[in-house]
Amino acid sequence: MNVESILDSIQGSALAEWMRDTNPAMQIVESTHVLAAVLVLGTVLIADLRLLGLADPQRAFTHIGRETLPLTWAAFAVAVVTGSLMFTTSAQTYFGNTAFQLKALALLAAGLNMLLFQLLTARGIGAWDSGRPPPTARIAGVVSLLLWAAVVLLGRWIGFTKGYDFTIPPGVELVLPG
Amino acid sequence: MRAFAEWLYGTGPSAAIHSTLWLIRLLQATHLVTAGVAVGSGVMIALRALGWQRADEPFEAVWKRFAPWLAGSLAVMVATGIAQTISDPVREFTATSYWLKLTLLLGGVLGTWSLARAARRAPGANLSPAVKLIAAAVILCWLALPPLGRMIGYDLAIWGSLSLRE
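From first to last, the protein sequence lines are chains R and L.
Our numbering puts the first residue of the first sequence at 2, with every later residue one more than the last.
Our numbering puts the first residue of the second sequence at 50, with every later residue one more than the last.
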């Protein structure tokens with residue numbers, strides 16, 4: 002099974018068909034996706050600004066993490082579900098779209114940045130939890146900030162560049178006049 | 050309203066924006082990113098009023114932390130929103146989502162301001178159930194803004210006969 006056939010089966014699935022044919026499923030899913038993306042960015046920003054020393058300088062970073070991470074994960078879960086539903090409707094078009102590919106890369110890089118922060122920088126958090134974060138933590142903060150902003154921006158860019166799929170669905174016969 | 054929108058579309062500032070594709074995209078993208086800052090800040094203030102976030106900190110401290118970010122991001126959001134409205138006034142003014150978004154934005158701003166006023170009148174004390182009800186409504190106002198912004202493009206599909214669009 003190659004990528005093409007996987008994408009075809011996703012796009013031809015009953016779920017994809019329901020998404021395409023049920024008005025206003027796509028519009029509601031897309032609007033919810035926008036809300037989830039905005040919330041991910043808004044809550045990630047709270048932790049990132051603390052890492053950069055631009056906000057909450059006296060508040061323990063572990064406190065901020067405990068408060069905002071559940072919101073971030075909840076919003077991220079909604080974004081993944083709604084994003085996947087949107088993907089099913091035109092899997093081929095999304096997959097070949099440069100903005101979509103860059104968004105996927107930015108998401109992957111943001112996840113990797115988070116993982117590296119947890120595995121390396123957060124190990125010595127006791128030394129700076131309520132104080133000024135070390136340069137590695139500040140770098141993780143600025144990288145995270147830029148990557149999540151890029152995810153949101155590239156998501157918007159998909160809408161500008163995706164275009165429409167004008168291929169005739171299988172089983173539909175096109176009758177031309179004359 | 051439609052006649053005014055059509056007149057506005059024909060003005061120089063509108064033409065300057067809607068004929069510059071990169072500017073429209075930049076405005077929309079900036080509007081979306083600053084919405085993240087505004088919604089995040091507004092929701093955090095309201096969650097503190099409910100006692101669900103930063104309950105160990107006085108409301109005033111949470112206000113001082115988030116209010117400047119809320120005000121700054123709202124200023125950018127309003128500026129980019131006005132520019133987008135000028136660029137395509139017929140699309141915006143004929144959308145139910147647009148007017149609902151503006152109403153809820155006003156509700157969010159006034160509600161957040163009233164939370165700060167209530168907290169200043171009773172510093173250190175628990176906020177009353179009425180104030181907490183306002184806080185819950187404020188959260189709904191802030192959360193409704195991003196989807197309503199997206200729905201402007203789909204007004205007929207979302208609102209059907211309630212849409213102002215023909």
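C-beta atoms are modelled at their ideal positions from N, C-alpha and C, and glycine is treated no differently.
Since this is a predicted model, take the numbers as computed values, not measurements.
Taking 8 Å as the upper bound on Cβ-Cβ separation, chain R lies near residues L192, P195, P196, L197, G198, R199, M200, Y203, A206, I207 of the region 180 to 213 of chain L.
Contiguous alpha helix (DSSP H) elements confined to the region 112 to 147 of chain L occur at 138 to 142, taking only those with 4 or more residues.
Residue contact check for R:V30 against chain L: no CB pair falls below 8 Å. Considering only L:M93, L:A124, L:S122, L:G121, the residue with the shortest C-alpha distance to L:E109 is L:M93. From the listed residues R:G112, R:T23, R:S131, the smallest Cα separation to R:V45 is found for R:G112. Contact residues of the region 65 to 83 of chain R toward chain L are E68 (C-beta to C-beta distance below 8 Å).
Membership of L:P107 in any alpha helix (DSSP H) is not indicated, and neither H nor E is assigned to it by DSSP. Contact check for L:Q102 against R:E68 passes: the beta carbons are separated by less than 8 Å. With respect to L:F142, L:A54 sits close: the two C-beta atoms are nearer than 8 Å. Ranked by Cα distance from L:A128, the first of L:R199, L:I188, L:L81 is L:L81.
Just measuring C-alpha positions, the residue of R:P58, R:M115, R:T99 sitting nearest R:R157 is R:T99. Within 8 Å of the CB of R:P25, the CB atoms of chain L belong to Y203, A206, I207, in sequence order along the chain.
Proximity of R:I159 to chain L, defined by a Cβ-Cβ separation below 8 Å, is not satisfied. Taking 8 Å as the threshold, the shortest C-beta distance from L:R140 to chain R does not fall below it. Excluding the 5 residues flanking it on each side, R:L103 has same chain C-beta neighbours closer than 6 Å at L155, in chain order. R:P71 sits in a helix when the DSSP states are folded into three classes. Under the three-state reduction of DSSP output, L:W191 falls in the helix class.
Along the region 71 to 84 of chain L, going in chain order, the ones with a CB nearer than 7 Å to a CB of chain R are R74, Q77, A78, L81, V82, A84.
Spanning the alpha carbons of R:L146 and L:E106 requires a straight line of approximately 25 Å. R:E31: member of the alpha helix (DSSP H) spanning 26 to 52, first to last residue. Close to L:R97, with beta-carbon spacing below 9 Å, lies no residue of chain R; the smallest spacing is near 10 Å.
Listed along the chain, the chain L residues whose CB falls inside 9 Å of the CB of R:L146 amount to none; the nearest CB is some 11 Å away. Where L:R97 is concerned, the enclosing alpha helix (DSSP H) starts and stops at 70 to 99.
Counting only residues of its own chain and dropping the five nearest sequence neighbours on each side, R:L50 has a CB closer than 6 Å to the CB of A56.
Residues are counted here when their Cβ sits less than 7 Å from a Cβ of chain R; for the region 99 to 114 of chain L these are Q102, R103, R114, given in chain order.
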